[in-house]
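Mapped onto the numbering used here, the consecutive letters of the sequence shown carry residue numbers 363 to 542.
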Amino acid sequence: MKFIPKNITRIPGRSVMYFVICAVILVIFYFGAVYPHQRALEAVNAKTARIANLMEKQKSLSPLYEALVKKGEHRIRGTLPVPDTKALSRKELETVSPLFSAIAEESGMQVVSIRPDVLKLTEQSTDMTVTIHLRGVFFDFRKFLVGVGGVPSLKRVETIEITQEDDQKQFYVTVRLAIA
(Lines of atoms letter the chains of each structure in order from A and count residues from 1; the text may use other names and numbers.)
(Lines give C-alpha, C1' and ligand atoms only; values in the text may rest on other atoms or scores of the structure.)
Protein backbone atom coordinates (compact mmCIF):
# COMPACT_ATOMS: atom_id res chain seq x y z
CA MET A 1 0.00 0.00 0.00
CA LYS A 2 2.98 2.16 -0.09
CA PHE A 3 2.52 3.07 -3.73
CA ILE A 4 -1.18 4.02 -3.62
CA PRO A 5 -1.68 7.73 -3.28
CA LYS A 6 -3.73 8.81 -0.26
CA ASN A 7 -6.28 10.82 -2.20
CA ILE A 8 -7.45 7.72 -4.19
CA THR A 9 -8.36 5.75 -1.09
CA ARG A 10 -11.10 8.20 -0.36
CA ILE A 11 -13.80 8.08 -3.06
CA PRO A 12 -16.48 10.75 -2.73
CA GLY A 13 -19.98 9.50 -1.82
CA ARG A 14 -21.54 10.82 -5.00
CA SER A 15 -19.14 8.86 -7.17
CA VAL A 16 -20.06 5.63 -5.38
CA MET A 17 -23.72 6.42 -5.88
CA TYR A 18 -23.18 7.08 -9.60
CA PHE A 19 -21.24 3.85 -9.87
CA VAL A 20 -24.06 1.86 -8.22
CA ILE A 21 -26.68 3.50 -10.43
CA CYS A 22 -24.64 2.70 -13.56
CA ALA A 23 -24.17 -0.91 -12.39
CA VAL A 24 -27.92 -1.29 -11.77
CA ILE A 25 -28.70 0.18 -15.21
CA LEU A 26 -26.24 -2.25 -16.82
CA VAL A 27 -27.80 -5.21 -14.98
CA ILE A 28 -31.30 -4.11 -16.00
CA PHE A 29 -30.16 -3.68 -19.59
CA TYR A 30 -28.58 -7.13 -19.60
CA PHE A 31 -31.65 -8.88 -18.19
CA GLY A 32 -34.10 -6.72 -20.14
CA ALA A 33 -32.49 -6.83 -23.58
CA VAL A 34 -29.38 -8.96 -23.98
CA TYR A 35 -30.46 -12.08 -22.07
CA PRO A 36 -33.90 -12.45 -23.78
CA HIS A 37 -32.21 -11.92 -27.14
CA GLN A 38 -29.71 -14.69 -26.36
CA ARG A 39 -32.55 -17.04 -25.32
CA ALA A 40 -34.45 -16.29 -28.53
CA LEU A 41 -31.34 -16.98 -30.60
CA GLU A 42 -30.86 -20.30 -28.79
CA ALA A 43 -34.47 -21.26 -29.54
CA VAL A 44 -34.09 -20.33 -33.22
CA ASN A 45 -30.85 -22.31 -33.44
CA ALA A 46 -32.51 -25.36 -31.86
CA LYS A 47 -35.46 -25.12 -34.26
CA THR A 48 -33.08 -24.75 -37.22
CA ALA A 49 -31.17 -27.84 -36.09
CA ARG A 50 -34.42 -29.83 -35.79
CA ILE A 51 -35.52 -28.78 -39.28
CA ALA A 52 -32.10 -29.59 -40.74
CA ASN A 53 -32.24 -33.02 -39.10
CA LEU A 54 -35.75 -33.59 -40.50
CA MET A 55 -34.58 -32.56 -43.98
CA GLU A 56 -31.70 -35.04 -43.78
CA LYS A 57 -34.10 -37.81 -42.82
CA GLN A 58 -36.43 -36.91 -45.68
CA LYS A 59 -33.54 -36.86 -48.15
CA SER A 60 -32.46 -40.31 -47.04
CA LEU A 61 -36.04 -41.67 -47.31
CA SER A 62 -36.78 -40.01 -50.65
CA PRO A 63 -35.66 -42.98 -52.82
CA LEU A 64 -37.78 -45.37 -50.77
CA TYR A 65 -40.81 -43.08 -51.11
CA GLU A 66 -40.36 -42.82 -54.88
CA ALA A 67 -40.06 -46.61 -55.15
CA LEU A 68 -43.30 -47.05 -53.19
CA VAL A 69 -45.09 -44.51 -55.37
CA LYS A 70 -43.97 -46.33 -58.53
CA LYS A 71 -45.02 -49.66 -57.04
CA GLY A 72 -48.44 -48.25 -56.13
CA GLU A 73 -49.04 -46.87 -59.63
CA HIS A 74 -49.11 -50.35 -61.11
CA ARG A 75 -52.00 -51.55 -58.98
CA ILE A 76 -55.45 -51.56 -60.51
CA ARG A 77 -57.73 -49.62 -58.26
CA GLY A 78 -61.34 -50.64 -57.87
CA THR A 79 -63.83 -47.96 -58.66
CA LEU A 80 -66.77 -47.10 -56.49
CA PRO A 81 -70.23 -46.81 -57.99
CA VAL A 82 -70.92 -43.15 -58.68
CA PRO A 83 -74.25 -42.92 -60.49
CA ASP A 84 -75.67 -39.68 -61.78
CA THR A 85 -77.80 -37.99 -59.16
CA LYS A 86 -81.45 -38.69 -59.85
CA ALA A 87 -83.90 -37.01 -57.50
CA LEU A 88 -86.57 -39.07 -55.74
CA SER A 89 -90.15 -38.09 -56.37
CA ARG A 90 -92.21 -37.27 -53.31
CA LYS A 91 -94.16 -40.49 -53.80
CA GLU A 92 -90.92 -42.50 -53.59
CA LEU A 93 -89.98 -41.12 -50.16
CA GLU A 94 -91.58 -44.20 -48.59
CA THR A 95 -88.90 -46.40 -50.21
CA VAL A 96 -86.00 -44.70 -48.44
CA SER A 97 -86.08 -46.81 -45.26
CA PRO A 98 -86.43 -50.17 -47.06
CA LEU A 99 -83.65 -49.16 -49.46
CA PHE A 100 -81.13 -48.45 -46.68
CA SER A 101 -82.29 -51.54 -44.77
CA ALA A 102 -81.56 -53.69 -47.83
CA ILE A 103 -78.10 -52.11 -48.25
CA ALA A 104 -77.35 -52.74 -44.55
CA GLU A 105 -78.53 -56.35 -44.80
CA GLU A 106 -76.41 -56.98 -47.91
CA SER A 107 -73.33 -55.60 -46.16
CA GLY A 108 -73.86 -57.59 -42.96
CA MET A 109 -74.79 -54.65 -40.73
CA GLN A 110 -77.63 -54.62 -38.20
CA VAL A 111 -80.05 -51.69 -38.53
CA VAL A 112 -80.99 -50.02 -35.26
CA SER A 113 -82.96 -47.14 -36.78
CA ILE A 114 -83.48 -45.22 -40.02
CA ARG A 115 -85.00 -41.75 -39.61
CA PRO A 116 -85.85 -39.68 -42.67
CA ASP A 117 -86.22 -36.04 -41.64
CA VAL A 118 -89.64 -35.44 -43.17
CA LEU A 119 -90.59 -32.75 -40.64
CA LYS A 120 -88.30 -30.22 -42.32
CA LEU A 121 -89.67 -31.06 -45.77
CA THR A 122 -91.50 -28.24 -47.55
CA GLU A 123 -92.79 -27.81 -51.08
CA GLN A 124 -89.61 -25.91 -52.02
CA SER A 125 -87.22 -28.50 -50.51
CA THR A 126 -84.79 -30.03 -52.98
CA ASP A 127 -83.19 -32.43 -50.53
CA MET A 128 -83.87 -34.43 -47.39
CA THR A 129 -81.60 -35.78 -44.65
CA VAL A 130 -81.75 -39.36 -43.43
CA THR A 131 -80.08 -40.48 -40.20
CA ILE A 132 -79.09 -44.14 -40.07
CA HIS A 133 -77.99 -45.94 -36.89
CA LEU A 134 -76.23 -49.29 -37.40
CA ARG A 135 -74.36 -51.95 -35.43
CA GLY A 136 -71.63 -54.19 -36.71
CA VAL A 137 -67.97 -54.45 -37.55
CA PHE A 138 -65.91 -51.84 -39.33
CA PHE A 139 -65.23 -53.81 -42.53
CA ASP A 140 -68.96 -54.41 -43.02
CA PHE A 141 -69.51 -50.68 -42.50
CA ARG A 142 -67.14 -50.05 -45.39
CA LYS A 143 -69.32 -52.32 -47.57
CA PHE A 144 -72.38 -50.40 -46.37
CA LEU A 145 -70.82 -47.07 -47.39
CA VAL A 146 -69.98 -48.45 -50.84
CA GLY A 147 -73.62 -49.52 -51.16
CA VAL A 148 -74.84 -46.10 -50.03
CA GLY A 149 -72.57 -44.52 -52.64
CA GLY A 150 -74.53 -46.41 -55.30
CA VAL A 151 -77.88 -44.85 -54.32
CA PRO A 152 -78.94 -42.71 -57.31
CA SER A 153 -80.56 -39.97 -55.23
CA LEU A 154 -77.57 -39.53 -52.87
CA LYS A 155 -76.22 -35.98 -52.83
CA ARG A 156 -73.62 -36.50 -50.10
CA VAL A 157 -72.79 -38.24 -46.85
CA GLU A 158 -72.84 -35.46 -44.28
CA THR A 159 -71.68 -37.06 -41.04
CA ILE A 160 -70.24 -40.34 -39.86
CA GLU A 161 -69.89 -41.07 -36.15
CA ILE A 162 -68.43 -44.30 -34.81
CA THR A 163 -68.68 -45.31 -31.16
CA GLN A 164 -67.63 -48.46 -29.31
CA GLU A 165 -70.21 -50.11 -27.08
CA ASP A 166 -69.36 -53.43 -25.45
CA ASP A 167 -67.98 -55.68 -28.18
CA GLN A 168 -69.69 -54.02 -31.16
CA LYS A 169 -69.31 -50.68 -32.83
CA GLN A 170 -72.21 -48.28 -33.27
CA PHE A 171 -72.31 -46.33 -36.54
CA TYR A 172 -74.32 -43.14 -37.04
CA VAL A 173 -74.53 -41.90 -40.64
CA THR A 174 -76.36 -38.84 -41.93
CA VAL A 175 -76.93 -38.68 -45.69
CA ARG A 176 -78.60 -36.07 -47.86
CA LEU A 177 -80.86 -37.27 -50.67
CA ALA A 178 -82.09 -35.27 -53.65
CA ILE A 179 -85.86 -35.02 -53.98
CA ALA A 180 -88.04 -33.54 -56.67
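Using N, Cα and C, we set each Cβ at its ideal position, and we do this for glycine too.
Boundaries for Phe-501: no beta strand (DSSP E) harbours it, while the alpha helix (DSSP H) harbouring it runs 500-511, taken from the DSSP string. The beta carbons of Phe-506 and Ser-475 sit about 15 Å from each other, so the pair does not count as a contact at 8 Å. Exposure of Met-379 is indicated by the presence of fewer than 16 other C-beta atoms within 10 angstroms of its C-beta. Straight across, the Cα-Cα distance linking Glu-428 with Met-417 is about 16 Å.
Taking the CA atoms as reference points, Thr-525 sits about 58 Å from Phe-391. The secondary-structure analysis by DSSP pairs Leu-423 with nothing; it has no beta-bridge partner. According to the DSSP assignment, Phe-393 belongs to no alpha helix (DSSP H), since it is labelled neither H nor E.
Annotation for Ser-487: no alpha helix (DSSP H) segment contains it, and DSSP assigns it neither H nor E. The straight-line gap separating the alpha-carbon atoms of Ala-540 and Phe-503 is approximately 23 Å. Taking 8 Å as the cut-off, the Cβ atoms of Lys-517 and Thr-457 do not count as close.
DSSP, read as helix, strand or coil, puts Ala-402 in helix. Under the three-state reduction of DSSP, Pro-460 is assigned to helix. Residue environment for Gly-509: buried (at least 16 other C-beta atoms within 10 angstroms of its C-beta). Thr-493 and Leu-403 have their C-alpha atoms some 55 Å from each other.
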